[in-house]
Structures are given as structure tokens and as C-alpha cells.
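Per the working numbering, the very first residue in the sequence shown carries number 1; after that it's consecutive.
Worksheet: one structure, shown below.
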Amino acid sequence: MPLARSLLALCTLGLALGAARAETSPYYIGLSESINHDSNLYRLGDDRATPSSVKSRGDTSFATALVGGIDQQWGRQRVTGSLNLAHNRFQHNDQLNYGSHAIDLGLDWATVNNLSGNLNGSTRSALRRFATAATAGLAGQRTVETATQLGGVARLGVITPLTLELAASHRTVGFTADAYRGSDYKQDMGSLGARYRVGGATTAGLGWRETRTRNNHGSGADSNRHDVDLVLQWLPSEITSLNARLSRTSTSYL
1 MPLARSLLAL CTLGLALGAA RAETSPYYIG LSESINHDSN LYRLGDDRAT
51 PSSVKSRGDT SFATALVGGI DQQWGRQRVT GSLNLAHNRF QHNDQLNYGS
101 HAIDLGLDWA TVNNLSGNLN GSTRSALRRF ATAATAGLAG QRTVETATQL
151 GGVARLGVIT PLTLELAASH RTVGFTADAY RGSDYKQDMG SLGARYRVGG
201 ATTAGLGWRE TRTRNNHGSG ADSNRHDVDL VLQWLPSEIT SLNARLSRTS
251 TSYL
């Protein structure tokens, strides 16, 4: 049966503090307040009774957040970042109240020898999807998911017809509730590829990727994945792009 659900954003209020987000300023900081109403918070079917652990099937939530960001250029290098620290509270299901964060930081770098790339890091937390919780019989319980990622890319070429690219990343995901601890995992990815500018607007590339996923509690969900990618990019104008990728993938489970 289709789920009866609706989400209404009632209002969003921002108050700038310190430097405003202006073209002349590389950073901004402020406060935001948002109000949302969800008529089917736990994604329950119309024919399903409301679990006893749920105080209200629908609810209104309030989020008060400190927000900020930076976009600063130093010669060939550029630093970007954003911050959102929020306190989230529910009108009726107050057992779900929680603090969340979303932090992103990046560095674009370049040298005079056709070397360039970027480094990036992020961490964010949010409530786990209620549909999954209801299915597992955990509706009404607060489960916060936290994901952290670090990554980097190095390129040789870019302005030349042939570009070599090396990339790597590390990601971890964890949950606060013991019932979801078996879903905690870490993932490492590495790739190596080359791109060649065939014509003025067309680039073709070939790359290899390997992804290793490991469960933090030995649940048997470990895997190794190998991809060979053939990519094609066409840039007919500055605002239009067409990208295609054909991959051969193999995954082994440990």
C-alpha cells in the first residue's frame, strides 16, 4: 500500500553575523532556523498500526543551526569550506532530539609544472532513515548515522592533450544504536587513469578503480570491488556537457 507522507517546509530564517556572504568577503557566518512538518514521520503504511514506541505518527521538527563558510584564493591555491552545526528537536517525538553537523573542507592546488589536484575532507551526522527503523521494529528509537571521508586527487597534464590522474579516498560510517552496529563499515578506494583530448571539445579516458569495504564488527559483509572504466566527455559550450561511462565490474565477498 502506498505510504501516506508529505513534507512541508514552513519557514527558513537566516541571520547574518560578522561578515556577510558578499563578493568582497571570502567567508561568511550566520544563524539559521528551519521548521518542517512530516505527516508520516516513520513511513508507516496506511494499514499499519502506530507502534507503541511512537508518540505521534506525524510531527513538526525545528532546527537551529550555526552556519559558516570560506572561499579563499592564494595564488594558484584555493581553500573552500562550509560548516553547519544544528540542534534538531521534535514537537511530540522528543526522544528523537539530536545534534547534527555537516563540515566540508577542500584545497585545490597547482604548481608551475602541470601538476594539480585537490584534497578534501568531510564529516556529517543525521538521523538514520525512519523507513528502515520501522521495518526493523525500532520505530521511535533515535539512531544517528555519522559519516567521515578523506580524499585526494593528483593530476599531471590538464592543459596538455594527455592527462594522468591518481585518486584515493577513505570513508567510515557508524551508528549510535547497538542494533545497527553491524552496519558500521570503512571503505578505501584507489584509482589510476589517463585521459586524452581527442578534439577541441571531446576527451576520452581509461581508468582502473579498486574499492575495499570492511565491516567494523565482523558481520561478514566485507568485499573487494574492481572496476575498469571507459569514459567519454563532450563539452559543446561552457555551460553544457555530456558525459558517458562504460564499466566492467567484478566484486568478491569475503
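Where is the CB? At the ideal position from N, CA and C, for every residue including glycine.
Here residue 59 is buried: its Cβ has 16 or more other Cβ atoms, across all protein chains shown, within 10 Å. Per DSSP, the continuous beta strand (DSSP E) segment holding residue 233 begins and ends at 223-237. The beta carbon of residue 80 sits closer than 7 Å to the beta carbons of 70, 71, 106 from its chain, once the five residues preceding and following it are set aside; these are given in chain order.
Distances from the alpha-carbon of residue 243 to those of 250, 232, 253, 143 put 232 closest. A distance below 8 Å separates the beta carbons of residue 130 and residue 41. In the three-state scheme derived from DSSP, where H, G and I count as helix and E and B as strand, residue 46 is classed as coil.
Positions of the beta strand (DSSP E) runs, each at least 3 residues long and wholly inside the region 88-170, are given as 98-110, 115-127, 144-156 in order along the chain. Residues 62, 97 of the same chain have their beta carbon placed closer than 6 Å to that of residue 89, with the five preceding and five following residues left out of the count.
8 Å or more divides the Cβ of residue 156 from the Cβ of residue 118.
The Cβ atoms of residue 162 and residue 185 do not sit closer than 8 Å to each other. With fewer than 16 other Cβ atoms inside 10 Å of its own Cβ, residue 111 counts as exposed.
Excluding five sequence positions before and after residue 191, the CB atoms of its chain that fall closer than 7 Å to its own CB belong to 167, 207, 208, 209, given in chain order. A distance below 6 Å between beta-carbons, with the five flanking residues on each side excluded, links residue 123 to the following residues of its chain, in chain order: 103, 148.
Each of 86, 65, 141, 77 was checked against the Cα of residue 95, and the nearest Cα belongs to 141. Selection 99, 239, 187, 170 evaluated against residue 144 yields 99 as nearest (Cα-Cα). The DSSP assignment places 59-74 as complete runs of the beta strand (DSSP E) inside the region 49-76, in order along the chain (cut-off: 3 residues).
Counted as a single uninterrupted DSSP element, the beta strand (DSSP E) harbouring residue 243 occupies residues 240-253. Residue 38 sits in a strand when the DSSP states are folded into three classes. Counting along the chain, residue 193 sits inside the beta strand (DSSP E) bounded by residues 185-197.
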